[in-house]
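Undergrad:
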Amino acid sequence: MTVALPYDSTAKFADYAHPEMIVSTEWVAEHLDDPGLVVAESDEDVLLYDTGHVPGAVKLDWHTELNDPVTRDYVDGAGFARLMSDKGIARDTTLVLYGDRNNWWAAYALWVCSLFGHPDLRLMDGGRSKWIAEDRPLTTEVPHRPHVDYPVIDRDDMQIRAFQDQVLAHLGKPLIDVRSPGEYTGELLHMPDYPQEGALRGGHIPGARSVPWSRAAAEDATFRTRAELEAIYEGEAGLRPDDDVVVYCRIGERSSHTWFVLHHLLGYPRVRNYDGSWTEWGNTVRVPITRGESP
Amino acid sequence: MTAVALHPRLQEIADDFNAVPDSDRLQLLLEFSEDLPQLPDRYAAHHDLLEPVPECQSPLFLAVELDPDATVRLFFDAPQEAPTTRGFAGILHAGLDGLSADEVLATPGEFSSQLGLQELVSPLRLRGMAAMLGRIKRQIRERRG
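As structure tokens, this is what we get:
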């Protein structure tokens with residue numbers, strides 16, 4: 001057994017509902033060599049890690065490693081155990097995730113790891129761009145961590161994940177659409193001969209409020225303060241802390257970022273990510289859709 | 296279904312990708328990303344002359360020139376922090392720059408699916424590469440009138 005790593009006492013984090021879920025770049029730099037810590041980079045651009053990463057960090061690839069290669073689903077308990085074991089991540093490892101684009105994919109990886117209840121997960125505030133902006137060291141050296149035995153844990157899809165039938169049953173309760181305004185209203189920018197990955201129908205799930213995911217991030221890719229987040233999600237979007245909320249985007253990745261904000265930073269107990277998102281909803285026969293700017 | 300024959304230069308690139316295991320394939324893509332030439336000054340100073348390719352998930356801009364003898368010259372601009380997009384641009388540059396207009400136009404639109412990258416790179420990104428090729432061809436057709 002390793003000793004649990006201390007939490008980051010940065011003042012901004014203390015205001016969040018779960019400050020233990022977030023660490024600063026300083027904290028990571030200070031604890032990089034601590035036993036019991038693994039740092040993992042998860043990027044939208046699958047080559048970015050190979051151009052240089054936080055020393056000692058392993059790569060966690062959302063596309064090839066977290067998804068089932070055949071069924072549209074995540075890996076199962078055995079697959080997750082194999083993945084973690086190969087990366088040298090034990091069940092009691094403190095796993096710190098970071099990545100490109102305001103930690104978009106890192107939040108997604110954290111959400112998937114949460115489906116397996118990994119006990120100590122943290123996000124590095126500001127992600128890859130903040131680390132680089134602070135001139136912290138990068139390396140292209142890929143670490144070879146010793147193989148460990150991660151136990152097979154059943155994936156729990158009931159707490160933080162929503163499926164389409166559950167979203168249908170949820171209509172009338174709070175939904176947050178985190179896509180861009182154009183995707184929300186349904187004015188998709190399709191040009192002839194240049195099809196985009198997408199759906200047969202444009203618009204949003206009836207009742208969903210539009211809060212683009214990146215609004216939760218400041219210019220330097222860090223999360224906004226608790227007061228700023230409350231002003232956005234409660235002041236503007238009308239959510240209340242005891243709400244049962246479903247968030248979605250196109251395939252469930254951007255909405256993982258908002259899930260992290262609502263669940264871990266603002267402390268909402270019941271937030272589910274609908275990973276089928278618009279690529280499922282907008283292609284399903286006879287589900288209700290709203291177009292335009294109103295929820 | 297018979298695949299349309301690739302120009303030997305593109306075929307060589309496709310062969311290189313298909314000859315190596317998955318992990319080296321990404322490394323190869325990274326090398327193409329690093330080898331993408333910098334924009335010449337006439338474009339670097341006049342970014343408005345470049346055509347944006349919004350289908351790519353990261354910012355990508357391209358320009359096409361047609362020499363009097365119908366030789367195609369390609370120019371790409373993509374940020375360093377988008378190595379996958381740069382890599383795709385690098386492949387197209389290495390494969391198509393300097394070919395004749397007819398040779399570029401004969402390149403099959405599904406060329407991007409012949410590199411063995413489907414398992415490694417998201418489909419949206421591969422479509423970004425197909426979109427670059429589509430825009431290059433359209434510009435050539437427009438130039439020729």
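Heads up: the sequence lines are chains A and B, in that order. Residue 1 is where the first sequence starts when you use our numbering, and the numbers rise one by one after that. Residue 296 is where the second sequence starts when you use our numbering, and the numbers rise one by one after that. Glycine included, C-beta positions come from ideal geometry on N, C-alpha and C.
(1) Under the assumption that Arg270 (chain A) contacts Asp244 (chain A) (Cβ atoms under 8 Å), give the Cβ distance between them as a whole number of angstroms.
(2) State the DSSP-derived secondary structure class of Tyr74 (chain A), mapped to helix, strand or coil.
(3) With DSSP as the reference, label Asp343 (chain B) as helix, strand or coil.
(4) What span of residues does the beta strand (DSSP E) with Ala40 (chain A) cover, start to end?
(5) Check whether the region 56-76 of chain A and the region 4-12 of chain A are in contact - that is, three or more C-beta pairs closer than 8 Å.
(6) So which of A:Arg291, A:Arg215, A:Arg72 and A:Val142 has the shortest CA-CA distance to Glu228 (chain A)?
(7) Just curious, the alpha helix (DSSP H) that His13 (chain A) is in, first and last residue?
(8) Bridge partners of Leu296 (chain A), per DSSP?
(9) Confirm, please, whether the CB-CB distance from Ala162 (chain A) to Arg254 (chain A) is below 8 Å.
(10) Using a Cβ-Cβ cut-off of 8 Å, state whether Leu325 (chain B) counts as contacting chain A.
(11) Whose C-beta lies closer than 8 Å to the C-beta of Ala78 (chain A) among residues of the same chain, with five residues either side of it excluded?
(12) Taking Ser417 (chain B) as the query, report the chain A residues whose CB atoms sit under 7 Å from its CB, ordered along the chain.
(13) Pull up the distance between the alpha-carbon of Phe223 (chain A) and that of Gly126 (chain A), whole angstroms please.
(14) To the nearest angstrom, report how far apart Gly117 (chain A) and Leu400 (chain B) are at their CA atoms.
(15) Please identify, using Cβ separations under 8 Å, the residues of the region 321-353 of chain B that lie next to chain A, in order along the chain.
(16) Measuring only the C-alpha atoms, how far is Arg145 (chain A) from Ser85 (chain A)?
(17) Are Leu115 (chain A) and Ile160 (chain A) close, meaning C-beta to C-beta below 8 Å?
(18) Hey, is the region 365-381 of chain B in contact with the region 330-339 of chain B, meaning 3+ C-beta pairs nearer than 8 Å?
(19) For Thr51 (chain A), which residues in chain B fall below 9 Å Cβ to Cβ?
(20) Would Leu138 (chain A) count as contacting chain B if we go by Cβ distances under 8 Å?
(21) Within the 8 Å Cβ cut-off, does Leu414 (chain B) reach chain A?
(22) Count Cβ pairs between the region 196-208 of chain A and the region 171-186 of chain A that sit closer than 8 Å; are there 3 or more?
(23) How long is the line joining the alpha carbons of Asp362 (chain B) and Pro347 (chain B), rounded to whole angstroms?
(24) With a 10 Å radius around its C-beta and 16 neighbouring C-beta atoms as the bar for buried, classify Met296 (chain B) as buried or exposed.
(25) When the cut-off is 8 Å and only beta carbons count, does Glu183 (chain A) lie next to chain B?
(26) Any C-beta of chain A sitting closer than 8 Å to the C-beta of Ile435 (chain B)?
(27) Please state whether DSSP places Val416 (chain B) in a helix, a strand or coil.
(28) Under a CB-based cut-off of 8 Å, is Gly382 (chain B) close to chain A?
(29) What residue range does the alpha helix (DSSP H) around Ala109 (chain A) cover?
(30) Straight-line CA distance for Gly276 (chain A) to Pro354 (chain B)?
(31) Would you decide whether Asn283 (chain A) is buried or exposed? Buried here means 16 or more other CB atoms lie within 10 Å of its CB.
(32) What whole-angstrom Cβ distance do Glu350 (chain B) and Gly423 (chain B) have, given they're in contact under 8 Å?
(33) DSSP on Ser395 (chain B), reduced to helix/strand/coil?
(34) Roughly how many angstroms lie between the CA atoms of His31 (chain A) and Gly56 (chain A), to the nearest whole one?
(35) Leaving aside the five residues before and after His302 (chain B) along the sequence, list all residues of the same chain whose C-beta is less than 6 Å from its C-beta, in chain order.
(36) Indicate whether at least one CB of chain B lies closer than 8 Å to the CB of Gly47 (chain A).
TA: Let me spell this out:
(1) 4 Å
(2) strand
(3) helix
(4) Leu37 to Glu41
(5) no
(6) A:Arg215
(7) Residue identity differs from the one stated: residue 13 (chain A) is Phe in this sequence, not His. Taken as a continuous stretch (DSSP letters only), the alpha helix (DSSP H) holding Phe13 (chain A) covers Ala11 to Ala14.
(8) Nothing about residue 296 (chain A) can be reported from this structure: the residues present for chain A run from 1 to 295 only.
(9) no
(10) yes
(11) Val152
(12) His63
(13) 7 Å
(14) 52 Å
(15) Leu321, Gln322, Leu324, Leu325, Ser328, Pro349, Glu350, Gln352 and Ser353
(16) 10 Å
(17) yes
(18) yes
(19) Leu325, Ser328, Glu329, Gln375, Glu376 and Pro378
(20) no
(21) Checking the sequence, you will find Glu at residue 414 (chain B) rather than Leu. At least one chain A Cβ lies under 8 Å of Glu414 (chain B).
(22) yes
(23) 22 Å
(24) Below a pLDDT of 50, predicted positions are generally treated as unreliable, and Met296 (chain B), at 42, falls in that range; the measurement from the model is reported next regardless. Burial call: exposed.
(25) no
(26) no
(27) coil
(28) yes
(29) Trp104 to Leu115
(30) 26 Å
(31) exposed
(32) 5 Å
(33) strand
(34) 11 Å
(35) Glu398
(36) Reading the sequence as shown, one finds Leu at residue 47 (chain A) and not Gly. Chain B contact via Cβ: present.
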